[in-house]
Amino acid sequence: MALLALAGPAAAHPHMFVDTRLEAIFDGGGRLTAVRITWIYDELTTLMSVTDGGYDKDGDGALSVAEMEPLQGFDMEWGEDFLGDFQISRGAEKLALVPGPQDWTSDWKDGHLISTHVRRLAVPVDPATGPLVLKPFDPGYYTAYAIIGTPEITGRSDCTAQVFEPDLTKAQKALAAALDEYNPNQSLEEMGYLMIGESYAEEVRLTCGD
């Protein structure tokens, strides 16, 4: 997550919580071309961001349009090592995405910073060739993404999108295996992150056609 430089090393549980909405976008030929992603940040992360940046100028606990202006694009300046915490796959194949976010928006509502952006596929894909899996996750598990609502589908009427929870038994085993790799003599900086985020990720399975 590119919102704040809050991350600490060796995080074994998430510290930032982001509700996530997904919209699958199809072209006229019925191919998936993009996914619109909405991130709704938890209240604590929002409060820290607004307070540390001094954005609530009048101190009323809300952000006006003018106060929100300097926060436009607050989480859209991605470094080279940040891939957007999002993956589309078909079977064992991970589909290539165009680097970086497009068509982004930024907002504040009811104590939450909210942003949307579009991730485009490098090559549009027809789900008839196999179900697609859309998965938002932070590999280092500093941020936990929770898919909320029913994913939207734009451009086709014969598709279904189902949300699936992670297998927590497998996730706990992945966590235990990752912890076993660490040496107690390592410093926190040397330990780094436990790369277990995908094991704890929710996913959307997108199927189309009869």
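Per full-length UniProt numbering, residue 1 is the first one in the sequence shown, and the count goes up by one each step.
Cβ coordinates follow ideal geometry from the N, Cα and C atoms, glycine included.
Quantities reported herein were computed from a predicted structural model and do not represent experimental measurements.
For residue 76, DSSP assigns no beta-bridge partner whatsoever. Beta bridge pairing from DSSP links residue 36 with 23 and 118.
Here DSSP, grouped into helix, strand and coil, assigns residue 89 to strand. Assigned with DSSP and collapsed to three states, residue 135 falls in strand. Between the stretch 64 to 84 and the stretch 160 to 167 there are fewer than three C-beta pairs closer than 8 Å, too few to call the two in contact. Of the candidates 142, 148, 100 and 73, 142 places its Cα closest to the Cα of residue 198. Three or more Cβ pairs closer than 8 Å define a contact, and the stretch 82 to 89 falls short of that threshold against the stretch 41 to 58. The secondary-structure analysis by DSSP pairs residue 15 with nothing; it has no beta-bridge partner. Annotation for residue 102: 117, 118 and 120 place their beta carbon closer than 7 Å to its own, counting only its chain and skipping 5 residues before and after. The C-alpha of residue 16 is placed about 14 Å away from the C-alpha of residue 200. Between the alpha carbons of residue 175 and residue 196 lies a gap of roughly 6 Å.
Residue 144 carries a strand assignment under DSSP once its states are collapsed to helix, strand and coil.
Residue 94 is classed as exposed because its beta carbon has fewer than 16 other beta carbons within 10 Å across all chains shown. Secondary structure at residue 95: coil, using DSSP grouped into helix, strand and coil.
For residue 175, the enclosing alpha helix (DSSP H) covers residues 168 to 180. Ranked by Cα distance from residue 13, the first of 92, 147 and 171 is 171. When beta bridges are read from the DSSP output, residue 153 appears opposite 24.
Per the C-alpha coordinates, the member of 58, 109 and 115 positioned closest to residue 74 is 115. Cα atoms of residue 54 and residue 111: separation of roughly 15 Å, rounded to the nearest angstrom.
The shortest CA-to-CA distance from residue 205 to any of 156, 20, 24 and 109 is the one to 24. A check of alpha carbon separations from residue 173 across 154, 183 and 194 identifies 194 as the nearest. Out of 202, 92 and 82, the CA that lies nearest to the CA of residue 148 is found in 202.
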